[in-house]
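Taken in order, the sequence shown gives residues 332 to 442; the numbers are from my numbering.
Worksheet for the structure shown next.
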Amino acid sequence: MNLNTTDPQYITYFGSIKRSIELVWQYPDLALKYGLQGKLLLQFAILNNGELESAVVVRSSGSHLLDEEAVRAVKAAAPFKPIPPWIGKNRVEIVASFEYLDNRLNYRFVQ
Numbered sequence: 332m333n334l335n336t337t338d339p340q341y342i343t344y345f346g347s348i349k350r351s352i353e354l355v356w357q358y359p360d361l362a363l364k365y366g367l368q369g370k371l372l373l374q375f376a377i378l379n380n381g382e383l384e385s386a387v388v389v390r391s392s393g394s395h396l397l398d399e400e401a402v403r404a405v406k407a408a409a410p411f412k413p414i415p416p417w418i419g420k421n422r423v424e425i426v427a428s429f430e431y432l433d434n435r436l437n438y439r440f441v442q
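Structural data, given as structure tokens:
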């Protein structure tokens with residue numbers, strides 16, 4: 332299931348997961364220095380008690396550095412809140428997109 336789902340059954344729980352990840356996710360300094368950008372897909376599984384079972388890159392950004400930071404962020408955000416009873420599952424698989432865009436690359440100097 333996509334982390335940005337609009338399914339009412341999941342939206343509140345997935346929103347809390349997204350906020351937890353956003354608090355620890357960073358743009359690696361080395362990636363900024365070298366202008367690395369990219370978008371990746373990460374699949375992760377959460378167990379009933381909120382523990383992270385797995386986190387795997389399913390589509391790379393093209394940069395190992397960016398991919399590793401996304402995995403690190405999901406691991407650092409765990410454990411998550413337990414899966415709410417209304418979801419009715421003991422385990423949820425989530426696919427999340429991580430996009431690294433260095434907006435500084437778009438700036439222009441005006442003379």
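We put the beta carbon where it would ideally sit given N, CA and C, even for glycine.
Predicted, not measured: the structure shown is a model, and the values here were computed from it.
| Query | Result |
| --- | --- |
| Straight-line Cα distance separating Asn421 from Ile414 | 7 Å |
| Buried versus exposed, by CB contacts within 10 Å (16 or more), Glu353 | exposed |
| CB contact flag (Leu371, Ser391, <7 Å) | yes |
| Spatial distance of Leu294 from Asn335 (CA atoms) | In the structure as shown, the chain starts at 332 and stops at 442, and residue 294 therefore has no counterpart that could be examined. |
| Within 7 Å, strictly: CB atoms of Pro416 and Gly381 | no |
| Buried versus exposed, by CB contacts within 10 Å (16 or more), Val423 | buried |
| CA nearest to the CA of Val402, picked from Phe345, Thr343, Leu367, Ser428 | Ser428 |
| Straight-line gap, Leu378 to Arg350 (C-alpha atoms, nearest Å) | 18 Å |
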